[in-house]
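Q: FYI, the numbering for the sequence shown is 1 to 308, going by the UniProt record's numbering.
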Amino acid sequence: MDFRQLKYFVQIADNNSFSRAAEVLRIAQPSLSQQMKNLEQELGAELLVRHARGVALTEKGQQLYDHAMRIIREVERARDVVRSDTASPHGRVTVGLPTSAARGLSLPLVRAVREAHPRVTIHLIEAMTAVLDEYLQQGRLDVCLLYNHKAFENVAWTEMIAEDLMAIVAPGHPLAARDSVTMAELAAHPLVLPGSPNVLRTVMERSAALCDQHLQGVDCDSLPAIGRIVCEEGAICVMPHFAFSRELERGEMRAVPILDPTPSWRLSVVVSQRSMNIRGAEAVAQILAGVISSMVDAGAWRARLLAR
Numbered sequence: 001m002d003f004r005q006l007k008y009f010v011q012i013a014d015n016n017s018f019s020r021a022a023e024v025l026r027i028a029q030p031s032l033s034q035q036m037k038n039l040e041q042e043l044g045a046e047l048l049v050r051h052a053r054g055v056a057l058t059e060k061g062q063q064l065y066d067h068a069m070r071i072i073r074e075v076e077r078a079r080d081v082v083r084s085d086t087a088s089p090h091g092r093v094t095v096g097l098p099t100s101a102a103r104g105l106s107l108p109l110v111r112a113v114r115e116a117h118p119r120v121t122i123h124l125i126e127a128m129t130a131v132l133d134e135y136l137q138q139g140r141l142d143v144c145l146l147y148n149h150k151a152f153e154n155v156a157w158t159e160m161i162a163e164d165l166m167a168i169v170a171p172g173h174p175l176a177a178r179d180s181v182t183m184a185e186l187a188a189h190p191l192v193l194p195g196s197p198n199v200l201r202t203v204m205e206r207s208a209a210l211c212d213q214h215l216q217g218v219d220c221d222s223l224p225a226i227g228r229i230v231c232e233e234g235a236i237c238v239m240p241h242f243a244f245s246r247e248l249e250r251g252e253m254r255a256v257p258i259l260d261p262t263p264s265w266r267l268s269v270v271v272s273q274r275s276m277n278i279r280g281a282e283a284v285a286q287i288l289a290g291v292i293s294s295m296v297d298a299g300a301w302r303a304r305l306l307a308r
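(1) In whole angstroms, give me the CA-to-CA distance for aspartate 16 and glutamine 5.
(2) Straight-line CA distance for alanine 78 to histidine 67?
(3) Is it buried or exposed for glutamate 163, if we count other Cβ within 10 angstroms and need 16 for buried?
(4) Cα-Cα, which of Leu43, Glu42 and Val49 is closest to isoleucine 12?
(5) Given a threshold of 16 other Cβ atoms within 10 Å of its Cβ, counted over all protein chains shown, does glutamine 138 qualify as buried or as exposed?
(6) State whether the segment 283-290 contacts the segment 207-217, with contact taken as three or more CB pairs (one from each stretch) at a distance under 8 Å.
(7) Quick check on DSSP: helix, strand or coil for aspartate 85?
(8) For histidine 149, count neighbouring C-beta atoms within 10 Å of its own C-beta (all shown protein chains included) and say buried if the count is 16 or more, exposed if not.
(9) Along the chain, where does the alpha helix (DSSP H) that runs through methionine 36 open and close?
(10) Quick one: what does DSSP say methionine 128 is sitting in, helix, strand or coil?
(11) Please classify alanine 303: does DSSP put it in a helix, a strand, or coil?
(12) Considering only their Cβ atoms, is the gap separating methionine 160 from isoleucine 258 smaller than 8 Å?
(13) Would you kindly report the start and end of the unbroken alpha helix (DSSP H) that includes threonine 99?
(14) Is there contact here, the segment 88-107 with the segment 121-137, by at least three beta-carbon pairs under 8 Å?
(15) Give me the Cα-Cα distance between serine 19 and arginine 140, rounded to the nearest whole angstrom.
(16) Using a Cβ-Cβ cutoff of less than 8 Å, which residues in the same chain neighbour glycine 195 once the five nearest sequence positions on both sides are dropped?
(17) So, do the segment 68-77 and the segment 19-33 have three or more beta carbon pairs nearer to each other than 8 Å?
(18) Would you say the segment 98-115 touches the segment 37-56, given that touching needs at least three Cβ pairs under 8 Å?
(19) Could you compute how far the alpha carbon of glutamate 232 sits from the alpha carbon of alanine 176?
(20) Does the Cβ of glycine 299 have 16 or more other Cβ atoms within 10 Å, making it buried, or fewer, making it exposed?
(21) Please classify aspartate 85: is it buried, with 16 or more other beta-carbons within 10 angstroms of its beta-carbon, or exposed?
(22) Within the continuous beta strand (DSSP E) that includes proline 240, where are the two ends?
(23) List, from N- to C-terminal side, the beta strand (DSSP E) runs of 3 residues or more that fit wholly inside the segment 172-218.
(24) Checking the sheet assignment: what are the DSSP bridge partners for alanine 68?
(25) With distances taken between CB atoms, is the gap from proline 197 to alanine 130 smaller than 8 Å?
(26) Looking at C-alpha atoms only, which residue of Val203, Ala285 and Ile236 is the closest neighbour of arginine 266?
(27) Quick one: what does DSSP say glutamate 252 is sitting in, helix, strand or coil?
(28) How should glycine 44 be labelled, buried or exposed, when 16 other C-beta atoms within 10 angstroms of its C-beta is the threshold for buried?
(29) Please state the DSSP three-state secondary structure of leucine 26.
(30) Sort Pro261, Pro171 and Glu247 by Cα distance to glutamate 205 and report the nearest one.
Here it is as structure tokens:
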């Protein structure tokens, strides 16, 4: 049994799939399967069992997984100790950004990482928060932004901002001239919202329930599609100002504050402690937090800072 086999085994377990693990590791799936077969033969125990949705750990597999994670972390720590304190982070870091933040945040983040750590290569993944949450727990992300993050094992996080959600409409919509709209008034209209499970959807449903209202309308998990439905069909969506900041600046949309109650959420920078490049992940997370703080201070991101 060698260190490479342990890393392969952990990736399979985290992804619940040989094929997804092979993609992450960038090796052929048959080769990965053979490595696991050799490992099981060496240990004399079945570690993984296949099923319709992928693979799962056996009891012996879970025992090996726990030991393997400790070994991998210790090896990473040993590397950091041996390297000098001035050694710059390097390697690949996978960053997950929620759809509502990715458009405005991606370019500043890429530029800041390139300037501070030219030896770090970031891989950006855009998805809804529920998908990012799942990816993080599977070990497929090193760093990500999560709305209303809930604590779970093997992550460290910092709450960065609190952000109000707003009613987004086309300039010709009757609500466009309003200074604000109450939640009760808004709930009387059909809305375009991400479908469940989704953090924004949950926040809106809870806010509507506080005024004895039930949401209705169209479910859509694509931000570009939501934008088109709003602009071309006269619909109403609920998003943070930052999600459509470009369209709002060009006058193609209007953002109307929601009152009684005002729906809001909190955005956290989260680092996976399962990362195979924890030094790089922590460096990118620090830059990400700095970029967010700078954008809020400059007024480019309408939010309230919770940490710096």
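All C-beta atoms in this analysis are idealised placements derived from N, C-alpha and C, irrespective of residue type, glycine included.
A: The answer reads as follows:
(1) Within the sequence shown, numbered from 1, the residue matching residue 16 stands at position 16. Within the sequence shown, numbered from 1, the residue matching residue 5 stands at position 5. According to the sequence as given, residue 16 is asparagine; it is not aspartate. Note on geometry: alpha-carbon atoms of asparagine 16 and glutamine 5 lie some 16 Å from one another.
(2) Here residue 78 corresponds to residue number 78 of the sequence shown, with the count starting at 1. Here residue 67 corresponds to residue number 67 of the sequence shown, with the count starting at 1. For alanine 78 and histidine 67, the distance between alpha carbons rounds to 16 Å.
(3) For the purposes of this step, residue 163 is identified with residue 163 of the sequence shown, where counting begins at 1. Answer is buried; the Cβ neighbour count reaches 16.
(4) As a first step, residue 12 is located in the sequence shown; it is residue number 12 there, counting from the start. If we check each option's Cα against that of isoleucine 12, Val49 comes out closest.
(5) Numbered from its first residue, the sequence shown carries residue 138 at position 138. So glutamine 138 ends up on the buried side.
(6) Between the segment 283-290 and the segment 207-217, the count of Cβ pairs shorter than 8 Å is below three; the stretches do not touch.
(7) Residue 85 sits at position 85 when you count from the first residue of the sequence shown. Bear in mind that a pLDDT of 49 at aspartate 85, under 50, signals an unreliable position, so the model cannot answer this.
(8) Along the sequence shown, read from residue 1 onward, the residue named residue 149 stands at position 149. It counts as buried.
(9) Your numbering for residue 36 matches position 36 in the sequence shown. 29-43 is the extent of the alpha helix (DSSP H) around methionine 36.
(10) In the sequence shown, the residue the question calls residue 128 occupies position 128. It is coil, neither helix nor strand.
(11) Here the question's residue 303 lines up with position 303 in the sequence shown. Residue state, collapsed to three classes: coil.
(12) Numbered from 1 along the sequence shown, position 258 holds the residue referred to as residue 258. Numbered from 1 along the sequence shown, position 160 holds the residue referred to as residue 160. Their beta carbons are not under 8 Å apart, which means isoleucine 258 does not touch methionine 160 by this criterion.
(13) What you label residue 99 is simply residue 99 of the sequence shown in a count that begins at 1. According to the DSSP assignment, threonine 99 belongs to the alpha helix (DSSP H) that extends over 99-116.
(14) The count of Cβ pairs closer than 8 Å, one atom from the segment 88-107 and one from the segment 121-137, reaches three, so the stretches are in contact.
(15) Stepping through the sequence shown from its first residue, residue 19 is reached at position 19. Stepping through the sequence shown from its first residue, residue 140 is reached at position 140. Taking the Cα positions, serine 19 is about 13 Å away from arginine 140.
(16) Residue mapping note: residue 195 aligns to position 195 of the sequence shown, counting from 1. For glycine 195, the CB contacts under 8 Å within the same chain, skipping 5 residues up- and downstream, are Arg201, Asp219, Cys220 and Asp221 in chain order.
(17) Touching, no, given that fewer than three Cβ pairs across the two stretches are closer than 8 Å.
(18) With a cut-off of 8 Å on Cβ pairs, the segment 98-115 is not in contact with the segment 37-56, counting fewer than three such pairs.
(19) Position 232 of the sequence shown, counted from the first residue, corresponds to residue 232. Position 176 of the sequence shown, counted from the first residue, corresponds to residue 176. For glutamate 232 and alanine 176, the distance between alpha carbons rounds to 15 Å.
(20) As a working note, residue 299 is residue 299 in the sequence shown. Here glycine 299 is exposed: its Cβ has fewer than 16 other Cβ atoms, across all protein chains shown, within 10 Å.
(21) As a working note, residue 85 is residue 85 in the sequence shown. Note that aspartate 85 scores a pLDDT of 49, beneath 50, so its modelled location is shaky and nothing firm can be said.
(22) Numbered from 1 along the sequence shown, position 240 holds the residue referred to as residue 240. Element bounds for proline 240: 236-240.
(23) Runs of the beta strand (DSSP E) inside the segment 172-218: 191-193.
(24) As a first step, residue 68 must be located in the sequence shown, where it is residue number 68. Partner(s): none; alanine 68 has no beta bridge.
(25) Here residue 197 refers to the residue found at position 197 when the sequence shown is read from its first residue. Here residue 130 refers to the residue found at position 130 when the sequence shown is read from its first residue. Less than 8 Å separates the beta-carbon of proline 197 from that of alanine 130.
(26) As a first step, residue 266 is located in the sequence shown; it is residue number 266 there, counting from the start. The alpha carbon of arginine 266 has as its nearest neighbour, out of Val203, Ala285 and Ile236, the alpha carbon of Val203.
(27) Translated into positions along the sequence shown, residue 252 becomes position 252. Glutamate 252 carries a coil assignment under DSSP once its states are collapsed to helix, strand and coil.
(28) As a first step, residue 44 is located in the sequence shown; it is residue number 44 there, counting from the start. By the 16-neighbour rule on beta-carbons within 10 angstroms, glycine 44 is exposed.
(29) In the sequence shown, the residue the question calls residue 26 occupies position 26. Rather than leucine, the amino acid found at residue 26 in this sequence is arginine. Here arginine 26 sits in coil by DSSP.
(30) Here the question's residue 205 lines up with position 205 in the sequence shown. Ranking Pro261, Pro171 and Glu247 by Cα distance to glutamate 205 puts Pro261 first.
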